[in-house]
Every structure is written in C-alpha cells, then in structure tokens.
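Enquirer: Each residue of the sequence shown is one higher than the one before, counting from 73 in the numbering used here. Have a look at this one.
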Amino acid sequence: MPQLFDSFTLKSITLRNRIGVSPMCQYSSQDGHASDWHLVHLGSRAIGGAGLVMMEATAVTPEGRITPGDNGIYLDSHIPKLIQITKFIKEHGAVPAIQLAHAGRKAAREIPWASKGSLSSVVAKCKDEWTIVAPSALAFDEGFQVPHALTEMEITEIVLAFKMAAKRALDSGFEFLEIHSAHGYLIHSFLSPISNYRNDRYGGSFENRSRFLLEIIEAIALVWPTHLPVAVRLSCTDWITEGWTLSDSVYLALELKKLGVDLLDCSSGSIAPHIKIPVTKHYQVPLSEEIRNKTGIATAAVGLITDAFEANEIIFTGKADLVFLARELLRNPYWPIQAAQKLNPPQQKPIPVQYLRGF
Ligand SMILES: Cc1cc2nc3c(=O)[nH]c(=O)nc-3n(C[C@H](O)[C@H](O)[C@H](O)COP(=O)(O)O)c2cc1C
Numbered sequence: 073m074p075q076l077f078d079s080f081t082l083k084s085i086t087l088r089n090r091i092g093v094s095p096m097c098q099y100s101s102q103d104g105h106a107s108d109w110h111l112v113h114l115g116s117r118a119i120g121g122a123g124l125v126m127m128e129a130t131a132v133t134p135e136g137r138i139t140p141g142d143n144g145i146y147l148d149s150h151i152p153k154l155i156q157i158t159k160f161i162k163e164h165g166a167v168p169a170i171q172l173a174h175a176g177r178k179a180a181r182e183i184p185w186a187s188k189g190s191l192s193s194v195v196a197k198c199k200d201e202w203t204i205v206a207p208s209a210l211a212f213d214e215g216f217q218v219p220h221a222l223t224e225m226e227i228t229e230i231v232l233a234f235k236m237a238a239k240r241a242l243d244s245g246f247e248f249l250e251i252h253s254a255h256g257y258l259i260h261s262f263l264s265p266i267s268n269y270r271n272d273r274y275g276g277s278f279e280n281r282s283r284f285l286l287e288i289i290e291a292i293a294l295v296w297p298t299h300l301p302v303a304v305r306l307s308c309t310d311w312i313t314e315g316w317t318l319s320d321s322v323y324l325a326l327e328l329k330k331l332g333v334d335l336l337d338c339s340s341g342s343i344a345p346h347i348k349i350p351v352t353k354h355y356q357v358p359l360s361e362e363i364r365n366k367t368g369i370a371t372a373a374v375g376l377i378t379d380a381f382e383a384n385e386i387i388f389t390g391k392a393d394l395v396f397l398a399r400e401l402l403r404n405p406y407w408p409i410q411a412a413q414k415l416n417p418p419q420q421k422p423i424p425v426q427y428l429r430g431f
C-alpha cells in the first residue's frame, strides 16, 4: 500500500509526495492581481516540502470574488505575477495548482481584517457597485444581499469565464487545475436543492442541478490539455437530509470521471449558515473513503489532519490518495519536512539543499 512519501502520478504530473497545500484565501490581491505575499507564502510551502501547492480560490470574474482582496484570473494582466509564482514553486520541487472559483451569493464581503485597517472605504465602495449572482434570488443569510437570479444567457457567460480562466491558468504555468464546487459558493449553490429553486434546465432534478458544473468541465476541456490533471472540490454533503448528500456526490463523481476529471477534493458543508457541521478530527476523511471506494476516482482528504502518522495512515489504508492540509500549514510551512523526519521514509526527504546544514 502507498505511504505519505510515495510519489503520486496523475496524467503527466508526478507529485513528490502525497501532501497538498489546501487552497487558502489570503485577501492580499489588488484588483485580482497576486502580490509578493503570494510568492513568499506559496513559495515557502514549496520550500517546506509539499508535493502540491495550490493557490487560493481565484475568481473567474470580478463579481465572483468573495472580497475586494481576492485573487483573480479574469484579466491578462493577472498572468505575469502568476508566472513568477508558478516558476518558483516548480523550481523547488512542487507542482503548482490553482483553484478556480466564483463566490456566487457569498460574494461582496469584507476582507476579514478590513475593519482593523484602512480598507473599510474600499469595501464600502465595492459593496455599492457589486451585484451578486446565484441560481435563485435567495440571500445566504441576514445581512447578505439578495442575489440576482442568473438568466440562462448569464450562466453561459460564467461557463465561458471559467474556460477563459483555465486558459490563463495554463499560460501562467499552472499544472493542476481545481474547480471550486464547495462551501456554498456559486457551483455548489447550483448543486444543492437548499439554494437552487430554479425550474428551468439548471434546477429541479439532480441532472439539472449538476448541469452547470458539467458544462464548466466540458468548457475547460477545450483549453486545458488532456495530459494535465483536473480536480473538483466538492462539499460532499450539506450535512442535512434535504440538502446535497454523500450519495449525490458518489453519483456526481462517476459523471465527472466520465468527463475526464482526475481527482475529487472531498470537503463538506457551508451551503447555509444554520446547518451544524460535526467538526471533529478527520471528520471529512470518511467522505473521501466512500467516494474513492465506490467510484475508483482518486481523492484528496482534508480537514483537521495535523499528525504525520495519522496522515500516513489515511494514505496506506486507502482512504485517500492525497491529504490536503490548510491551517496546520499556516502554522508550520515545514510540516512536510518534519513529517518526513518522523516517518523516515526510504525516499529522499524534501529538504532544500540551502537548508541541509540545519538537519
Ligand atoms: C485562511 C483560510 C482560507 C481558506 N480559503 C479557502 C479557499 O480559498 N478555497 C477553499 O476551497 N477552501 C478554503 N479554505 C478551507 C481550507 O482549504 C480547508 O478545507 C479547511 O481549512 C479545513 O482544513 P484544515 O483543518 O487543515 O484547516 C480556507 C481555510 C482557511 C483557514
């Protein structure tokens, strides 16, 4: 059985180990342009030994940003900085990945620390000018705008925006693409009956609610080369029986596999604020295990994975092909190197030559 430090090949890409940096918004972009912060933040995690370094939810349209500080990939002028970032990640042995996203009815929010700094006026300005969109005109929660319900023509425009973004991602040097279809953002809000009340071909049946995501996958296949992997992050369950369920995810995984999707990144929840998520250690690992075992598609497990031995166990017991870590890698970018020291695998440890004297 594979172990945490065995390599992992998807199409023409080989990761040096099974550890991925989970996408994490940094709210440090200007008009969608990535900054030196991203170069250092993502670059440090490549130096720290991760196999896959995924850039945060990156908006395919300006209205699809969660906040005015979100990263974007809707202009050609976003590309040069991204090239610098992907080049650095590759030079340090990791595969650069990007998560393409549209925030839907959860867009136009404040940068989490805006009230503490000088960004409040920018946020206020953006809120006035920012129309948010969704499958149906239902606000996410109190205090959120009521979104504009997308017309079929507008849905097609967003599908096209994902395609253009995938092309820009390729031109920027990314080698792994993830579509963000989780956490209550636009694509998830089409999938879930909790947020989709449409009665046209994008609402109602499972097939209709899945149509938007499947159209996006088909559109990006026109520009993203067949030798590079595509992943989808799903909220595998809404944690409520009336919502999107794990069996829906299993069925969708089979459809995505048919369309050439290589990996499901198994997250959960966040479609509506009132639903309680049973957050405990490894709580989403069983979602990954079920999808992997029932469909044969590769999966990533994520959520409160912090211990090297436990991460290794998730891999060698076949619960996932990859583990993605988020907050633990904020605390410690060198987690992969330290995990290699603990597990002492037969493979070369991912220590940069510049740092060898420290070990
Ligand atoms: C600061 C921060 C930003 C995040 N941004 C994103 C994001 O851009 N896209 C996404 O799919 N999930 C995002 N997440 C969720 C993480 O990717 C991850 O799924 C979650 O934190 C659970 O993993 P953990 O327990 O290892 O932190 C974010 C989490 C944090 C802490």
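We put the beta carbon where it would ideally sit given N, CA and C, even for glycine. For clarity, every value in this text was computed on a predicted model and none was experimentally measured.
Between T203 and Q171, is the Cβ-Cβ spacing less than 9 Å?
Expert: Against a cut-off of 9 Å, the Cβ pair of Q171 and T203 comes out as no contact.
Enquirer: Exposed or buried, what is E247 when buried is set at 16 or more other beta-carbons lying within 10 Å of its beta-carbon?
Expert: So E247 ends up on the buried side.
Enquirer: Quick test of your reading: A166 and L111, contact by CB under 8 Å. State the CB separation rounded to the nearest angstrom.
Expert: Not confirmed; about 14 Å, so no contact.
Enquirer: Hey, quick one: how far does the alpha helix (DSSP H) through E224 stretch, first residue to last?
Expert: E224 -> alpha helix (DSSP H) spans E224 to D243.
Enquirer: For P95, is the beta carbon positioned less than 8 Å from some heavy atom of ligand 1?
Expert: It does: the Cβ of P95 is within 8 Å (strictly closer) of some heavy atom of ligand 1.
Enquirer: Apply the 10 Å Cβ neighbour rule to Y427 and answer buried if 16 or more other Cβ atoms are within range, or exposed otherwise.
Expert: With fewer than 16 other Cβ atoms within 10 Å, it is exposed.
Enquirer: Apply the 10 Å Cβ neighbour rule to V302 and answer buried if 16 or more other Cβ atoms are within range, or exposed otherwise.
Expert: So V302 ends up on the buried side.
Enquirer: At a threshold of 8 Å, does A211 count as lining ligand 1 (C-beta to nearest heavy atom)?
Expert: Because no heavy atom of ligand 1 lies under 8 Å away, the Cβ of A211 does not count as near it: no.
Enquirer: When every heavy atom of ligand 1 is checked, does at least one fall within less than 8 Å of the C-beta of A129?
Expert: Correct: A129 has its Cβ closer than 8 Å to ligand 1.
Enquirer: Do you know how far the Cα of G430 is from the Cα of S339?
Expert: If you take the alpha carbons of S339 and G430, they lie about 36 Å apart.
Enquirer: What number of angstroms, rounded off, separates the C-alpha of T371 from the C-alpha of D337?
Expert: Taking the straight line from one Cα to the other gives about 6 Å.
Enquirer: Could you have a look at E247 and say whether DSSP puts it in helix, strand or coil?
Expert: In the structure shown, E247 sits in coil (DSSP, three-state: anything other than H, G, I, E or B).
Enquirer: How do the segment 353-367 and the segment 375-393 stand: do at least 3 beta-carbon pairs fall below 8 Å, yes or no?
Expert: Because the criterion of three Cβ pairs below 8 Å is met, the segment 353-367 and the segment 375-393 touch.
Enquirer: Tell me whether A186 is buried or exposed, calling it buried when 16 or more other Cβ atoms sit within 10 Å of its Cβ.
Expert: Per the 10 Å Cβ criterion, buried.
Enquirer: Spatial neighbours of L402 within its chain, please: CB distance less than 6 Å, with the 5 preceding and 5 following residues excluded, ordered by chain position.
Expert: For L402, where only same-chain residues beyond five positions count, there are no Cβ hits under 6 Å.
Enquirer: Under the rule that 16 or more other beta-carbon atoms within 10 Å means buried, what is P207, buried or exposed?
Expert: P207 comes out buried.
Enquirer: Output yes or no for whether 9 Å exceeds the beta carbon distance between A233 and V132.
Expert: The answer is yes: Cβ separation under 9 Å.
Enquirer: Give the range of the beta strand (DSSP E) segment to which G92 is assigned.
Expert: First-last of the beta strand (DSSP E) with G92: I91 to V93.
Enquirer: In the DSSP assignment, find the beta strand (DSSP E) that holds D337 and state where it starts and stops.
Expert: Start and end: L335 to S339.
Enquirer: For a quick check, are the C-beta atoms of E16 and C97 less than 9 Å apart?
Expert: As shown, the chain starts at 73 and ends at 431. That puts residue 16 outside it, with no answer to give.
Enquirer: Quick one: is S244 buried, meaning 16 or more other Cβ sit within 10 Å of its Cβ, or exposed?
Expert: The residue is buried, with at least 16 neighbouring Cβ atoms inside 10 Å.
Enquirer: For G121 versus I369, is the C-beta spacing smaller than 9 Å?
Expert: No. Outside cutoff.
Enquirer: Compute the minimum distance between the beta carbon of E400 and the heavy atoms of ligand 1, and state whether it is under 8 Å.
Expert: It does: the Cβ of E400 is within 8 Å (strictly closer) of some heavy atom of ligand 1.
Enquirer: Within 10 angstroms of the Cβ of L318, are there 16 or more other Cβ atoms? Answer buried if so, exposed if not.
Expert: Buried is the call here.
Enquirer: According to the neighbour-count rule (16 or more other Cβ atoms, all chains shown, within 10 Å of its Cβ), is K391 buried or exposed?
Expert: Buried, since its Cβ has 16 or more Cβ neighbours within 10 Å.
Enquirer: When we look at the beta-carbon of A373 and count the other beta-carbons within 10 Å, is it buried (16 or more) or exposed?
Expert: It is buried - the Cβ of A373 has at least 16 other Cβ atoms within 10 Å.
Enquirer: Buried or exposed for T367, going by 16 or more other Cβ atoms inside 10 Å?
Expert: With 16 or more Cβ atoms within 10 Å of its Cβ, T367 is classed as buried.
Enquirer: For K239, which of L258, D148, G215 and H252 has the nearest alpha-carbon?
Expert: Checking every option, the nearest Cα to that of K239 belongs to D148.
Enquirer: What is the DSSP secondary structure of F284, reduced to helix, strand or coil?
Expert: Helix, per DSSP.
Enquirer: Here's a check: name, in chain order, each residue in its chain whose Cβ is nearer than 8 Å to the Cβ of S84, leaving out the five neighbours to either side.
Expert: Cβ within range, chain order: H299 and L300.
Enquirer: For I170, which beta-bridge partners are listed by DSSP?
Expert: Note: I170 sits in a beta bridge opposite M127 and L249.
Enquirer: At the level of alpha carbons, what is the spacing between V425 and M73?
Expert: Spanning the two alpha carbons is a distance of roughly 30 Å.
Enquirer: With respect to 8 Å, is the separation between the Cβ of T378 and the closest non-hydrogen atom of ligand 1 below this value?
Expert: Yes, Cβ of T378 sits closer than 8 Å to a heavy atom of ligand 1.
Enquirer: Whole angstroms are fine: how far does the CA of A106 sit from the CA of D142?
Expert: Answer to the nearest angstrom: the Cα atoms are 9 Å apart.
Enquirer: Got a sec, what are the start and stop residues for the beta strand (DSSP E) S319 sits in?
Expert: It is not in any beta strand (DSSP E) - S319 instead sits in the alpha helix (DSSP H) that spans L318 to K330.
Enquirer: From the DSSP output, in three-state form, read off G430 for me.
Expert: Looking at G430 - three-state DSSP - the assignment turns out to be helix.
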